[in-house]
Amino acid sequence: MAIYHLTARGVSPARGSSAVKTSAYISGQALVDERTGEACRYARAERVAASGLAMPEGAPAWDRQRLWNEAAAAHGGGTELVGKTYELALPRELDAAARMACVADFCADFTARGRACDWAVHDAGDGNPHAHVLVSALALGPDGFERPAGKKSTKVYMCRDASGGEFAVPAGEWKAAKADGLEKVYNFKDGRRLTMSQARAEGLGTADRRSKSPVAVTASADGTPAFDAERAELVRVRAMWAGIANRHLAALAEATGSRPVAIDHRSNEARGLDEVPHIHVGRSASPERRARNRAIDAANRAIADAKGRIARIAGAARAWWSRKTDALTKRRKGFIAGHRARAMAAAAARPGRKPVPHGWGDGFADQDVGPVGYAGFDDLLAYRADEGSAVNSRNAAEPTRKSRPRRGRGR
Numbered sequence: 001m002a003i004y005h006l007t008a009r010g011v012s013p014a015r016g017s018s019a020v021k022t023s024a025y026i027s028g029q030a031l032v033d034e035r036t037g038e039a040c041r042y043a044r045a046e047r048v049a050a051s052g053l054a055m056p057e058g059a060p061a062w063d064r065q066r067l068w069n070e071a072a073a074a075h076g077g078g079t080e081l082v083g084k085t086y087e088l089a090l091p092r093e094l095d096a097a098a099r100m101a102c103v104a105d106f107c108a109d110f111t112a113r114g115r116a117c118d119w120a121v122h123d124a125g126d127g128n129p130h131a132h133v134l135v136s137a138l139a140l141g142p143d144g145f146e147r148p149a150g151k152k153s154t155k156v157y158m159c160r161d162a163s164g165g166e167f168a169v170p171a172g173e174w175k176a177a178k179a180d181g182l183e184k185v186y187n188f189k190d191g192r193r194l195t196m197s198q199a200r201a202e203g204l205g206t207a208d209r210r211s212k213s214p215v216a217v218t219a220s221a222d223g224t225p226a227f228d229a230e231r232a233e234l235v236r237v238r239a240m241w242a243g244i245a246n247r248h249l250a251a252l253a254e255a256t257g258s259r260p261v262a263i264d265h266r267s268n269e270a271r272g273l274d275e276v277p278h279i280h281v282g283r284s285a286s287p288e289r290r291a292r293n294r295a296i297d298a299a300n301r302a303i304a305d306a307k308g309r310i311a312r313i314a315g316a317a318r319a320w321w322s323r324k325t326d327a328l329t330k331r332r333k334g335f336i337a338g339h340r341a342r343a344m345a346a347a348a349a350r351p352g353r354k355p356v357p358h359g360w361g362d363g364f365a366d367q368d369v370g371p372v373g374y375a376g377f378d379d380l381l382a383y384r385a386d387e388g389s390a391v392n393s394r395n396a397a398e399p400t401r402k403s404r405p406r407r408g409r410g411r
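Just so we're aligned, residue 1 is where the sequence shown starts under the UniProt record's numbering, counting upward by one.
Right under this line is the structure:
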């Protein structure tokens with residue numbers, strides 16, 4: 001059945017990755033990284049069912065090698081993000097043409113934003129059809145990749161002055177802030193955030209820091225933290241892919257009259273599902289992967305067995321509680337009925353007393369009102385008077401006992 005799977009990874013020299021190498025892997029073509037002169041060729045090109053480029057309107061007619069070498073050159077050989085690669089599972093219910101249409105719709109979202117897309121569909125016949133899409137980080141115009149005029153983001157440090165006041169200082173203003181007496185804040189192993197002056201005052205040093213890097217956040221040009229912006233973009237892309245796949249699955253169901261299926265990009269928690277998620281099985285192309293997948297299958301079976309046992313225990317607990325509460329309710333009703341019967345009999349036996357009407361005292365069924373019931377407040381006073389007379393009679397019949405001194409130490 002259709003499953004949801006989408007991952008995103010950045011491609012940059014800082015991560016040890018290359019856009020040219022990534023394109024060679026997903027397309028199965030031999031490419032040359034002009035920056036290093038390295039020839040990039042990967043085996044198993046037969047698994048590539050289809051591949052192509054999706055370019056924004058007005059973009060130059062480049063091939064893969066030109067496209068990604070130009071993308072790397074646009075960054076000047078720095079460590080910036082050159083592109084981002086997405087891997088997404090294609091619904092097995094769809095045929096090859098419908099899967100290609102899904103990938104085309106996915107790429108169209110990025111080309112509409114001026115990005116170039118390098119895509120490929122992998123299908124090794126193992127029931128795991130999926131697509132790779134490499135998206136450029138920069139917009140591609142008629143004259144090539146377009147770098148933004150201003151900075152896309154900046155690093156902001158958390159700093160403190162001598163009195164402990166905290167300030168957010170952009171990296172470009174750090175030298176001036178340092179001259180004014182501000183210090184950067186670091187995370188320490190004991191969980192606190194301190195400047196080095198505060199740390200030295202407590203006998204701590206650089207070895208007690210959790211990291212060499214100070215506390216900082218990368219903010220985009222509009223001031224939004226870069227992490228939040230990246231997370232929001234990933235959530236948008238995940239939802240976008242779910243919508244594309246579900247549209248094509250719905251069209252298939254309508255055309256064939258079959259039961260419609262759908263995928264959901266949200267987590268179990270976001271969907272309100274109280275269940276343990278299974279482990280993703282992944283590919284099984286090598287003996288190591290097959291052995292790992294067997295272990296994952298065993299873990300998934302254990303999870304399913306545990307979920308079944310939890311459900312059975314919960315059902316047994318609910319049944320036990322129902323039986324106990326039913327028995328308690330039955331005993332309570334029997335006690336109330338017996339108590340009422342004794343009260344009515346006692347009231348009827350008294351000279352001049354009216355019998356207790358049926359249903360009287362229902363509101364006091366949970367209260368202990370004494371050994372017998374009474375028809376009203378006058379009966380209660382009479383009962384207390386009778387009890388007092390009986391006590392006085394017993395006291396008169398018993399001889400008075402003289403109190404004797406208590407024996408204690410020293411007497």
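Using N, Cα and C, we set each Cβ at its ideal position, and we do this for glycine too.
As assigned by DSSP and simplified to three states, the class of residue i
| i | result |
| --- | --- |
| Pro-170 | strand |
| Gly-376 | Low confidence applies here, because Gly-376 scores a pLDDT of 48, under 50, leaving its location unreliable and the question unanswered by this model. |
| Leu-194 | strand |
| Asn-268 | coil |
| Asn-69 | helix |
| Ser-322 | helix |
| Gly-144 | strand |
| Arg-309 | helix |
| Lys-155 | strand |
| Arg-99 | helix |
| Gly-361 | The pLDDT assigned to Gly-361 is 48, lower than 50, so where the model puts this residue is not dependable, and the model offers no usable value. |
| residue 464 | For residue 464 there is no data in the structure shown, the boundaries of the chain being 1 and 411. |
| His-339 | helix |
| Ala-316 | helix |
Nearest neighbour of residue i, chosen from the options [CA to CA]
| i | options | result |
| --- | --- | --- |
| Gly-172 | Leu-81, Ala-162, Ser-153 and Phe-188 | Ser-153 |
| Leu-182 | Lys-189, Trp-320, Leu-194 and Leu-81 | Leu-194 |
| Ala-242 | Arg-259, Arg-209 and Ser-267 | Ser-267 |
| Glu-93 | Arg-147, Ala-59 and Ile-263 | Ile-263 |
| Asn-128 | Gly-114, Leu-90 and Leu-140 | Leu-90 |
| Ala-45 | Asp-190, Ala-137 and Ser-23 | Ser-23 |
| Cys-107 | Pro-170, Ala-139 and Met-55 | Met-55 |
| Val-98 | Ala-253, Thr-218 and Trp-320 | Correcting the residue type first, residue 98 is Ala in the shown sequence and not Val. Ala-98 has its Cα closest to that of Ala-253, out of Ala-253, Thr-218 and Trp-320. |
| Ala-137 | His-248, Asp-126, His-122 and Ala-116 | Ala-116 |
| Met-240 | Tyr-86, Lys-333 and Arg-340 | Tyr-86 |
| Gly-165 | Lys-184, Leu-273, Ala-348 and Gly-144 | Lys-184 |
| Ile-3 | Asp-326, Ile-303 and His-265 | His-265 |
Identity of the residues DSSP links to residue i by a beta bridge
| i | result |
| --- | --- |
| Phe-110 | Phe-110 pairs with nothing; no bridge assigned. |
| Ala-131 | Leu-88 and Val-121 |
| Ala-139 | Glu-146 |
| Glu-183 | Arg-160 |
| Gly-83 | Val-11 and Ser-136 |
| Phe-188 | Arg-209 |
Can you list the beta strand (DSSP E) stretches of 3 or more residues lying completely in the region 196 to 251, in chain order? As far as the region 196 to 251 is concerned, its whole beta strand (DSSP E) runs of at least 3 residues are 216 to 220.
Going residue by residue through the region 1 to 53, where are the continuous beta strand (DSSP E) segments of at least 3 residues, counting only ones entirely within it? Correct list: 6 to 11, 31 to 33 and 38 to 40.
Could you say if the region 124 to 136 and the region 15 to 33 meet the contact criterion of at least three C-beta pairs nearer than 8 Å? Taking a contact to require three or more Cβ pairs closer than 8 Å, the region 124 to 136 and the region 15 to 33 qualify as touching.
Below 8 Å, can you find three or more Cβ-Cβ pairs linking the region 68 to 75 to the region 153 to 169? Fewer than three Cβ pairs drawn from the region 68 to 75 and the region 153 to 169 lie within less than 8 Å of each other, which leaves the two stretches out of contact.
Are the region 197 to 207 and the region 225 to 233 in contact at 8 Å, needing three or more beta carbon pairs? Verdict: no, contact absent.
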